[in-house]
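**Student:** Dumping the structure here so I can ask a few things about it.
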Amino acid sequence: MRQKLFSSYDLKGLHLSNRVVMAPMCQYSVKAKDGKPNEWHYVHYLSRAIGGTGLIIMEMTDVDPDGRITDFDLGLWSDEQIPAFARIIDGVHSHNGKIGVQIAHAGRKAEDAAIPVAPSAIPFPGSTYKMPRALTTEEVRNVVQQFAEAARRAVEAGVDTIELHGAHGYLIHQFQSPLTNQRDDIYGQDFARFGVEVIQAVKKAMPADMPLLFRISAVEYADGGYDIDHAIELSKAYHAAGVDAFHVSSGGEGPAGERKPGNYPGYQVPFAREIRAAVNVPVIAVGMLEDPALAESVIGSEDADFVAIARGLLRDPYWATHAAIALRNEPDRIPVQYKRAY
């Protein structure tokens, strides 16, 4: 019997052979100070395509040099960076894989920026973080355009999809949170406005049939942080602006207070289920889902439409193939060179 995890799915014009997503994970490669992916990234991503992953999402890729978490993160702030991304994307496609890129700005969590920027001059807790400078209203509009330009470059590089990073305490998340957005201009009066403008600008740079993904923190764990109800209202606004699927995570805005994040397999799945039901939109569930039976149950129970595997795919580039074997399903794409091993 064909398993749900390895059933195909069409998201707008993107056809995926299975529901396994490689979550974006920064590699912090010391040879990437110019923002360009290098040989490490080439081997890293192509290995997961050969391993049968349905959709690979490249790591957080920043729209500005000072928008990186560290100087070893990737970027798409210059046309000179396009060829290095295109080489990887073409390689993944040559192995019948699908690949997107996560576009972002770290905001106040930019550790190596001389002076980070943020919605408000509120530093992220911790000794490694600097006091950020609040963006002016005009500068906010300029950042929106930076996202659009990065999306254009991603499309030119040949991506199959784009994901916007609105989770884990980075810039879009900072604007959508009352904890970090204490502005008195239009971007403070509506917590969804910055995200909506980014989505609308990015959509204009994308082909009409290319899906736009959005990673969202469903809840915050710091005392006074927002809850799932706020995330649902944000998601409704973002979906109306053009988001086609949500990648549902949580936290990242600061140290946990009274409410603590789970530390067990599937602890974030209920968040994905709630957003899926409330917004009527496809979702990606993530968070310690690397047990194949659990991943299968998430899809089979219709809690989510996709499962994102993070550390499990760091440990095992062939996680998807091995999961298919574990579920007694014949993998669609065992490379002919490896078939005798199965």
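According to the numbering used here, numbering within the sequence shown proceeds without interruption in unit steps and concludes at 480. Where is the CB? At the ideal position from N, CA and C, for every residue including glycine.
#1: Cβ atoms of V239 and F223: under 8 Å apart, would you say?
#2: Short check: CB of A187 to CB of H243, under 8 Å?
#3: Go ahead and label I253 buried or exposed: buried means 16 or more other beta carbons lie within 10 angstroms of its beta carbon, across all protein chains shown.
#4: Assuming S435 is part of the alpha helix (DSSP H), what are its boundary residues?
#5: Suppose you measure from the CA of A346 to the CA of F384; what does that come to, to the nearest Å?
#6: Expressed to the nearest angstrom, what Euclidean distance is found between the alpha-carbon atoms of K171 and G205?
#7: Since I463 and Y476 are thought to touch, with beta carbons under 8 Å apart, how far apart are those beta carbons, to the nearest angstrom?
#8: Rounding to the nearest angstrom, what Cα-Cα distance links P162 and D211 in this structure?
#9: Taking only the alpha-carbon atoms, compute the straight-line gap between V424 and F409 and give it to the nearest angstrom.
#10: Secondary structure at L273, three-state DSSP: helix, strand or coil?
#11: Between which two residues does the beta strand (DSSP E) holding I447 run?
#12: Measure how close the beta-carbons of S258 and P455 come, nearest whole angstrom, since I'm counting them as under 8 Å.
#13: Are there 16 or more other CB atoms within 10 angstroms of the CB of T275, so buried, or fewer, so exposed?
#14: Taking all protein chains shown into account, do 16 or more other C-beta atoms lie within 10 angstroms of the C-beta of Q327, making it buried, or fewer, making it exposed?
#15: Is there a Cβ of chain D sitting closer than 8 Å to that of D361, yes or no?
#16: Check each candidate in V282, D441 and D228 and name the one with the smallest Cα separation from V336.
#17: Less than 8 Å between the C-beta atoms of A295 and I220, yes or no?
**Tutor:** The relevant details are as follows:
#1: For this step, residue 223 is matched to residue 85 along the sequence shown. For this step, residue 239 is matched to residue 101 along the sequence shown. Cβ distance < 8 Å, so F223 and V239 count as in contact.
#2: Start at 1 with the first residue of the sequence shown, and residue 187 comes out as number 49. Start at 1 with the first residue of the sequence shown, and residue 243 comes out as number 105. No. Outside cutoff.
#3: Within the sequence shown, numbered from 1, the residue matching residue 253 stands at position 115. Looking at its Cβ environment, which holds fewer than 16 other Cβ atoms inside 10 Å, I253 is exposed.
#4: Counting from one through the sequence shown, the residue named residue 435 turns up at place 297. Note, S435: alpha helix (DSSP H), P430 to G438.
#5: Start at 1 with the first residue of the sequence shown, and residue 346 comes out as number 208. Start at 1 with the first residue of the sequence shown, and residue 384 comes out as number 246. For A346 and F384, the distance between alpha carbons rounds to 18 Å.
#6: Numbered from 1 along the sequence shown, position 33 holds the residue referred to as residue 171. Numbered from 1 along the sequence shown, position 67 holds the residue referred to as residue 205. K171 and G205: Cα-Cα distance of roughly 13 Å.
#7: By one-based count along the sequence shown, residue 463 stands at place 325. By one-based count along the sequence shown, residue 476 stands at place 338. Going by Cβ atoms, the distance from I463 to Y476 rounds to 12 Å, so no, they are not a contact pair.
#8: For the purposes of this step, residue 162 is identified with residue 24 of the sequence shown, where counting begins at 1. For the purposes of this step, residue 211 is identified with residue 73 of the sequence shown, where counting begins at 1. Looking at the two C-alpha atoms, the distance is approximately 12 Å.
#9: Position 286 of the sequence shown, counted from the first residue, corresponds to residue 424. Position 271 of the sequence shown, counted from the first residue, corresponds to residue 409. Going by the C-alpha atoms only, they are around 10 Å apart.
#10: Indexing the sequence shown from 1 puts residue 273 at position 135. Coil, per DSSP.
#11: Working through the sequence shown from its first residue, we reach residue 447 at position 309. Looking at the DSSP string, the run of the beta strand (DSSP E) that includes I447 is F444 to I447.
#12: As a first step, residue 258 is located in the sequence shown; it is residue number 120 there, counting from the start. As a first step, residue 455 is located in the sequence shown; it is residue number 317 there, counting from the start. The pair is not a contact, with the Cβ atoms about 41 Å apart (cut-off 8 Å).
#13: On the sequence shown, residue 275 is found 137 positions in, with the first residue counted as 1. When all chains shown are included, T275 counts as exposed.
#14: The count along the sequence shown starts at 1 and reaches residue 327 at position 189. By the 10 Å Cβ count, Q327 comes out exposed.
#15: Looking for chain D here will not work: only one protein chain is present.
#16: In the sequence shown, counting from the first residue as 1, residue 336 sits at position 198. The candidate whose alpha carbon is nearest that of V336 is V282.
#17: Residue 295 sits at position 157 when you count from the first residue of the sequence shown. Residue 220 sits at position 82 when you count from the first residue of the sequence shown. For A295 and I220, yes; Cβs fall inside 8 Å.
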